[in-house]
Amino acid sequence: MTTALEQAIQLVLSGDDQLVNIISVTLQMSIPSSVISLLLGVPLGVLLAFCSFRGKEVLVILNRTLMGLPPVVCGLLCYMLFSGVGPFRHFRLMYTIPLMVIAQVILITPIVIGNMESFAQRITPAVRETAHGLGLGRGRIFLLLISETRYQVFSTYLLGFARSIAEVGAVSMVGGAIAYKTNVMTTAIMNYTNRGDFTLGVALGIILLAMSLVLNLTVSLIQGRLSR
Amino acid sequence: MTIAPFRKSYAGATALDFPGAPLPAGQTCAVIGANGSGKSTLAKVTAGVTACGQPQVLSPPVSVGYLPQHSYPFQMTVRANLMLNAPRRNDPARQRADMLLERLEIAHLSEQKAHHLSGGETARMVLARLLMRRYDLLILDEPTAAMDIRSTALTEQLVADYQAETGCGVLWITHSLKQAVRIADTVLFLCRGRLAEAGPAERLLTAPQTSELRQFLDFYGV
Amino acid sequence: MKHNKLTALLLALAMVLALAACSNNQGQTQQSPSASPETSEPMETPAETPAEGVDLTILFEQDDDMLNTYSLLAVNPDAPFVDADGNAVSDVYVNTEGAAALINWMLSQEALDLAGNYGYEEYGEYLFYVLDDAPVSTAEIPAATEDTAVIRMSTTTSVNDSGLLGYLLPFFEEEYGYTVDVTSAGTGAAIANATYGNADLILVHSKSQEESFVADGYSYVLDGFEAERLPFLYNYFVLCGPSDDPAGVRDAATVKNAFALIAEGEYPFVSRGDASGTHTKEISLWPEELGITTEADSVADYAGWYNYSNAGMGVCLTMAEEMHAYILSDKATYLTFRANNGVME
Chain A
1 MTTALEQAIQ
11 LVLSGDDQLV
21 NIISVTLQMS
31 IPSSVISLLL
41 GVPLGVLLAF
51 CSFRGKEVLV
61 ILNRTLMGLP
71 PVVCGLLCYM
81 LFSGVGPFRH
91 FRLMYTIPLM
101 VIAQVILITP
111 IVIGNMESFA
121 QRITPAVRET
131 AHGLGLGRGR
141 IFLLLISETR
151 YQVFSTYLLG
161 FARSIAEVGA
171 VSMVGGAIAY
181 KTNVMTTAIM
191 NYTNRGDFTL
201 GVALGIILLA
211 MSLVLNLTVS
221 LIQGRLSR
Chain B
229 MTIAPFRKSY
239 AGATALDFPG
249 APLPAGQTCA
259 VIGANGSGKS
269 TLAKVTAGVT
279 ACGQPQVLSP
289 PVSVGYLPQH
299 SYPFQMTVRA
309 NLMLNAPRRN
319 DPARQRADML
329 LERLEIAHLS
339 EQKAHHLSGG
349 ETARMVLARL
359 LMRRYDLLIL
369 DEPTAAMDIR
379 STALTEQLVA
389 DYQAETGCGV
399 LWITHSLKQA
409 VRIADTVLFL
419 CRGRLAEAGP
429 AERLLTAPQT
439 SELRQFLDFY
449 GV
Chain C
451 MKHNKLTALL
461 LALAMVLALA
471 ACSNNQGQTQ
481 QSPSASPETS
491 EPMETPAETP
501 AEGVDLTILF
511 EQDDDMLNTY
521 SLLAVNPDAP
531 FVDADGNAVS
541 DVYVNTEGAA
551 ALINWMLSQE
561 ALDLAGNYGY
571 EEYGEYLFYV
581 LDDAPVSTAE
591 IPAATEDTAV
601 IRMSTTTSVN
611 DSGLLGYLLP
621 FFEEEYGYTV
631 DVTSAGTGAA
641 IANATYGNAD
651 LILVHSKSQE
661 ESFVADGYSY
671 VLDGFEAERL
681 PFLYNYFVLC
691 GPSDDPAGVR
701 DAATVKNAFA
711 LIAEGEYPFV
721 SRGDASGTHT
731 KEISLWPEEL
741 GITTEADSVA
751 DYAGWYNYSN
761 AGMGVCLTMA
771 EEMHAYILSD
781 KATYLTFRAN
791 NGVME
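Sequences listed follow chains A, B and C, in order.
Going by my numbering, the first residue of the first sequence is number 1, and it counts up by one from there.
Going by my numbering, the first residue of the second sequence is number 229, and it counts up by one from there.
Going by my numbering, the first residue of the third sequence is number 451, and it counts up by one from there.
Here it is, written out as structure tokens:
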């Protein structure tokens with residue numbers, strides 16, 4: 001009896017054309033979306049922790065709400081905006097990887113912001129008091145605070161990347177799961193399941209997990225080396 | 229230099245009602261008092277890191293170096309922490325960093341990550357970091373609380389030398405009466421958010437005028 | 451730090467193993483279905499079940515009421531497109547030349563022959579039949595240009611899952627240099643996708659919905675054809691159920707009688723419940739006095755045996771297999787489902 005695990009290994013070893021394409025599309029979507037979210041979310045999150053102004057609480061609550069934005073709602077929003085009759089139709093992005101990336105950035109950036117904000121606001125008072133006591137200016141204090149959160153950035157990136165490869169609702173809506181073009185691991189698993197082909201679905205799931213495991217190990221090794 | 233009168237409250241409760249005090253340049257003023265008497269509040273407000281409704285309590289506005297009670301070791305090497313506060317990244321600054329680390333006996337730690345130091349090592353590192361630059365007034369909030377006797381002596385000597393070199397004033401918060409005797413020209417005694425007694429160190433510690441200070445001295449056995 | 455890493459590694463390994471174990475169990479459940487409490491009739495014992503394959507069997511087919519006709523419709527570039535607020539949108543992009551090229555090819559004798567023979571080798575049965583009166587095109591098909599190279603086709607899940615397009619389109623793409631982006635959804639959603647300007651042509655199988663698409667002005671008559679709606683293939687829906695057929699639908703005179711038998715005996719039935727073409731067809735087959743419509747509340751009284759699932763065809767077939775229930779399916783998906791379960795052994 002061929003187990004799903006064996007089939008997964010066979011799939012990988014055979015270098016199946018379609019599987020290679022699915023993995024490649026998955027990475028073409030996940031890496032840009034998680035990196036862009038990180039580049040946007042880290043400064044914004046630290047800035048939110050760093051600044052004190054009227055209405056800050058409202059912004060924090062708003063961001064927490066966006067952290068819980070259901071992917072299908074985000075997908076629907078992007079669909080309405082970018083579809084053939086939507087206001088952004090001229091970009092012609094419907095059913096393309098760039099639109100999948102846009103939808104994921106909308107989903108993941110609030111998570112990065114929230115994560116960085118909650119971490120940064122714990123160390124902000126001490127960093128601010130210390131740096132202010134040395135007579136450093138606001139700009140330098142902000143840069144110092146970003147530098148102090150750099151280890152958190154790794155785990156936040158992992159969170160964002162994990163969310164990105166695991167996401168299916170928004171991606172299937174704006175990507176359309178077009179074979180050899182926008183079909184990613186999750187939508188492929190859904191397709192196989194819909195056809196009643198569970199084994200292939202599980203095999204893809206195992207490959208997805210293995211990818212996540214490799215990335216986690218790599219990042220934790222880098223992190224360990226840096227903090228030593 | 230003088231500290232203007234101010235009142236600082238947290239969430240409606242008055243933490244410190246301060247009537248003002250002079251801070252002569254070249255002199256050390258020790259602040260003593262029980263926990264919660266308002267010592268750290270005095271340091272923070274004077275340093276300008278905590279607002280109290282007045283734009284400036286220190287006059288004239290001079291450059292202030294403030295060492296908070298829990299000064300934060302930035303996640304970089306000890307040397308990088310010091311260079312962070314150098315006015316310029318040049319050879320004199322590097323030599324000054326070496327000298328300060330040497331004097332506080334942590335030169336061997338200069339390439340270690342600051343957030344991996346012990347409590348006493350951290351306390352010396354953050355002091356060295358502060359002294360990288362020239363200030364008109366040093367405000368030190370219990371800088372030796374985590375140090376052993378030897379490090380405490382090194383610290384007191386280093387601050388005295390810095391003062392002799394720069395002619396700065398020092399506001400030194402301490403919970404140790406013995407330390408106050410060693411370092412202070414004048415003493416401020418805070419009790420329950422008020423300035424209970426102030427004056428030359430000699431007189432305050434030998435002939436207290438108020439019952440609060442008398443009780444305090446009796447209790448700590450000087 | 452070290453310990454954390456080790457724990458993480460172990461956890462991940464455990465997850466992978468658990469998944470692999472799950473899939474084994476899955477395979478076993480498929481092989482030897484356990485007795486379902488929902489049927490009153492005595493169930494087959496595993497010993498009687500063939501060791502290979504699934505229990506779900508085609509019990510009734512080839513009734514005119516179960517005819518399933520597939521049509522092609524080109525999207526009209528001058529259709530009255532509106533945005534989400536109902537405001538008219540005039541400059542919607544539609545690749546009309548690409549759509550015309552693809553439709554002309556799909557209706558060429560070459561493509562019709564390919565479609566008509568599709569699946570015979572693999573399943574030993576024909577999945578699609580070419581309509582006798584299908585419009586046949588002999589038009590010259592232009593090669594792709596930079597502007598027309600990508601053709602967006604919106605179709606239904608059942609067409610996509612049957613594998614027909616995956617088999618046909620490469621012939622077209624390789625010969626003429628086009629790329630066909632196929633998106634699939636339930637018939638309703640597939641058509642809506644075109645009205646939102648996200649498709650150049652549609653391939654669907656719901657006559658009433660196609661006719662209203664045409665009536666609303668979303669399609670147009672291509673050069674060389676007589677109508678907007680171009681029916682070209684057909685097959686039959688099939689009524690599937692447990693091989694021991696407790697309701698006895700095998701012997702029913704018509705498919706409507708068969709459905710009446712199921713309802714009478716309250717045998718478990720799995721409905722797509724997603725307003726798809728298959729769902730719409732199923733609704734039309736129940737005795738009228740039951741009052742079953744596509745709305746969920748119309749079947750609230752029958753919840754004991756009528757399962758309104760709101761899922762795709764493959765998922766519903768799996769449910770029917772597990773529950774020993776009856777189900778209406780398009781033939782292609784059922785055969786693919788059965789073949790895939792063969793693979794799982």
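Glycine included, each C-beta is placed from N, C-alpha and C at the ideal position.
This structure is a prediction, so every number in the text was calculated from the model and none was measured.
Open item on the list: Just to confirm the assignment: which complete alpha helix (DSSP H) runs, minimum length 4, are found wholly within the segment 98 to 168 of chain A?
Closed with: 138 to 148, 150 to 166
- [ ] Tell me, please, whether the CB atom of V273 of chain B is closer than 8 Å to any CB atom in chain A?
- [x] Along the second sequence, one-based indexing puts residue 273 of chain B at 45. No, because no Cβ of chain A sits closer than 8 Å to the Cβ of V273 of chain B.
Task: Where the alpha helix (DSSP H) through R331 of chain B begins and ends - done: Within the second sequence, numbered from 1, the residue matching residue 331 of chain B stands at position 103. R331 of chain B -> alpha helix (DSSP H) spans 319 to 331.
Task: Residue range of the unbroken alpha helix (DSSP H) whose run includes A524 of chain C - done: On the third sequence, residue 524 of chain C is found 74 positions in, with the first residue counted as 1. Here A524 of chain C belongs to no alpha helix (DSSP H); instead the beta strand (DSSP E) covers 517 to 524.
Open item on the list: By alpha-carbon positions, which one of C:D694, C:G674, C:R700 ends up nearest to A550 of chain C?
Closed with: For the purposes of this step, residue 550 of chain C is identified with residue 100 of the third sequence, where counting begins at 1. Of C:D694, C:G674, C:R700, the residue nearest in Cα terms is C:G674.
- [ ] Check the Cβ of F531 of chain C against every Cβ in chain A and list those closer than 8 Å, keeping chain order.
- [x] Reading the third sequence from its first residue, position 81 is the one you call residue 531 of chain C. Per Cβ cutoff of 8 Å: G84, V85.
Task: Simplified DSSP state of F302 of chain B, which is helix, strand or coil - done: In the second sequence, counting from the first residue as 1, residue 302 of chain B sits at position 74. Of the three classes helix, strand and coil, the one that applies to F302 of chain B here is coil, per DSSP.
Task: Under 8 Å by beta carbon: chain A residues contacting L358 of chain B - done: Sequence index remark: in the second sequence, residue 358 of chain B carries index 130 (1-based). Ordered by position in chain A, the residues that pass the 8 Å Cβ test against L358 of chain B are G133, L134.
Task: Within-8 Å CB hit, N790 of chain C to chain A - done: One-based indexing of the third sequence puts residue 790 of chain C at position 340. By this cut-off, N790 of chain C is an interface position.
Task: Range covered by the beta strand (DSSP E) that runs through V688 of chain C - done: Stepping through the third sequence from its first residue, residue 688 of chain C is reached at position 238. 680 to 691 is the extent of the beta strand (DSSP E) around V688 of chain C.
Task: Partner residues on chain A for V654 of chain C, Cβ-Cβ distance less than 9 Å - done: By one-based count along the third sequence, residue 654 of chain C stands at place 204. Per Cβ cutoff of 9 Å: no residues; V654 of chain C is ~16 Å from chain A at best.
TODO: Out of A:L215, A:K181, A:Q104, state which residue places its alpha-carbon closest to the alpha-carbon of I601 of chain C.
DONE: The residue labelled residue 601 of chain C in the question sits at position 151 within the third sequence. Looking at the Cα atoms, A:K181 is the closest of the given residues.
TODO: Out of A:V214, A:S164, A:G75, A:G114, point me to the one whose CA is closest to N63 of chain A's CA.
DONE: Taking the first sequence and counting its residues from 1, one reaches residue 63 of chain A at position 63. Considering only alpha carbons, the answer is A:G114.
- [ ] Mind checking the segment 281 to 314 of chain B against chain A and listing, in chain order, the residues whose C-beta falls within less than 9 Å of any C-beta there?
- [x] S291, V292, G293, Y294, L295, P296, H298, S299, Y300, P301, F302, Q303, M304, L312, N313
- [ ] Look up A702 of chain C in the DSSP assignment and say whether it is helix, strand or coil.
- [x] In the third sequence, counting from the first residue as 1, residue 702 of chain C sits at position 252. Three-state DSSP puts A702 of chain C in coil, outside helix and strand.
- [ ] Take the Cβ of D650 of chain C as the centre, count every other Cβ of all protein chains shown within 10 Å, and call the residue buried at 16 or more, exposed below.
- [x] Taking the third sequence and counting its residues from 1, one reaches residue 650 of chain C at position 200. Classification of D650 of chain C: buried, given that the 10 Å Cβ count is 16 or more.
Open item on the list: If we define contact as Cβ-Cβ less than 8 Å, is Y151 of chain A a contact residue for chain C?
Closed with: Sequence index remark: in the first sequence, residue 151 of chain A carries index 151 (1-based). It does not; no Cβ of chain C falls within 8 Å.
Open item on the list: Is F142 of chain A near the ligand SAM - that is, is its Cβ less than 7 Å away from at least one heavy atom of it?
Closed with: Within the structure as shown, the ligand SAM is missing, as the structure has no ligands at all.
Open item on the list: Across the segment 524 to 534 of chain C and the segment 660 to 669 of chain C, are there enough close Cβ pairs to call them in contact, namely three or more that are closer than 8 Å?
Closed with: yes
- [ ] Please report how far the alpha carbon of T383 of chain B lies from the alpha carbon of L209 of chain A, in whole angstroms.
- [x] Translated into the one-based positions of the second sequence, residue 383 of chain B becomes position 155. Translated into the one-based positions of the first sequence, residue 209 of chain A becomes position 209. Whole-angstrom Cα-Cα distance: 55 Å.
- [ ] Going by DSSP, name the residue or residues bridged to E425 of chain B.
- [x] By 1-based counting over the second sequence, the position of residue 425 of chain B is 197. Its beta-bridge partners are B:F417.
Task: Span separating the alpha-carbon of F787 of chain C from that of Y628 of chain C - done: In the third sequence, counting from the first residue as 1, residue 787 of chain C sits at position 337. In the third sequence, counting from the first residue as 1, residue 628 of chain C sits at position 178. Answer to the nearest angstrom: the Cα atoms are 30 Å apart.
Open item on the list: Which residues of the segment 164 to 198 of chain A have a Cβ closer than 8 Å to any Cβ of chain B? Give them in chain order.
Closed with: none
Open item on the list: Going by C-alpha to C-alpha distance, which of C:A708, C:L517, C:D528 sits closest to L577 of chain C?
Closed with: As a first step, residue 577 of chain C is located in the third sequence; it is residue number 127 there, counting from the start. Out of C:A708, C:L517, C:D528, C:L517 has the C-alpha closest to the C-alpha of L577 of chain C.
Task: Coil, strand or helix - P71 of chain A by DSSP - done: One-based indexing of the first sequence puts residue 71 of chain A at position 71. Helix, per DSSP.
Task: Completely contained beta strand (DSSP E) runs for the segment 597 to 640 of chain C, where each covers 3 or more residues - done: 600 to 606, 629 to 635
Open item on the list: Three Cβ pairs or more, each shorter than 8 Å: is that satisfied between the segment 389 to 404 of chain B and the segment 432 to 439 of chain B?
Closed with: no
Open item on the list: Measuring straight from C-alpha to C-alpha, what distance separates C472 of chain C and Y192 of chain A?
Closed with: Along the third sequence, one-based indexing puts residue 472 of chain C at 22. Along the first sequence, one-based indexing puts residue 192 of chain A at 192. For C472 of chain C, the predicted structure reports a pLDDT of 48, less than 50, and the residue's modelled location is therefore unreliable. The matter cannot be settled from this model.
Open item on the list: If the criterion is Cβ atoms closer than 8 Å, does the pair L509 of chain C and D695 of chain C meet it?
Closed with: Along the third sequence, one-based indexing puts residue 509 of chain C at 59. Along the third sequence, one-based indexing puts residue 695 of chain C at 245. Yes, the Cβ-Cβ distance between L509 of chain C and D695 of chain C is below 8 Å.
TODO: Determine, using beta carbons only, whether L143 of chain A comes closer than 8 Å to chain B.
DONE: Here residue 143 of chain A is taken as the residue at index 143 of the first sequence, counted from 1. No, L143 of chain A lies away from the interface with chain B (no Cβ there is under 8 Å from its Cβ).
- [ ] Along the beta strand (DSSP E) that carries Y294 of chain B, what are the first and last residues, could you check?
- [x] Along the second sequence, one-based indexing puts residue 294 of chain B at 66. It spans 292 to 295 - the beta strand (DSSP E) in which Y294 of chain B sits, taken as one unbroken run.
- [ ] Assign C257 of chain B to one of three DSSP states: helix, strand, or coil.
- [x] By one-based count along the second sequence, residue 257 of chain B stands at place 29. C257 of chain B: strand per DSSP, three-state reduction.
- [ ] Quick one: grab the DSSP three-state call for S30 of chain A.
- [x] Translated into the one-based positions of the first sequence, residue 30 of chain A becomes position 30. Three-state result, S30 of chain A: helix.
Open item on the list: Against V387 of chain B, what residues of chain A qualify as contacts under a CB-to-CB distance less than 8 Å, listed in chain order?
Closed with: Locating residue 387 of chain B in the second sequence gives position 159, where the first residue counts as 1. None at all; the shortest Cβ gap to chain A is about 15 Å.
Task: Alpha-carbon spacing of T149 of chain A relative to Q10 of chain A, whole angstroms - done: Residue numbering aside, residue 149 of chain A sits at position 149 when the first sequence is read from its first letter. Residue numbering aside, residue 10 of chain A sits at position 10 when the first sequence is read from its first letter. C-alpha separation (whole angstroms): 42 Å.
Task: Proximity below 8 Å, CB of I189 of chain A to CB of G205 of chain A - done: Within the first sequence, the letter at position 189 stands for residue 189 of chain A. Within the first sequence, the letter at position 205 stands for residue 205 of chain A. Against a cut-off of 8 Å, the Cβ pair of G205 of chain A and I189 of chain A comes out as a contact.
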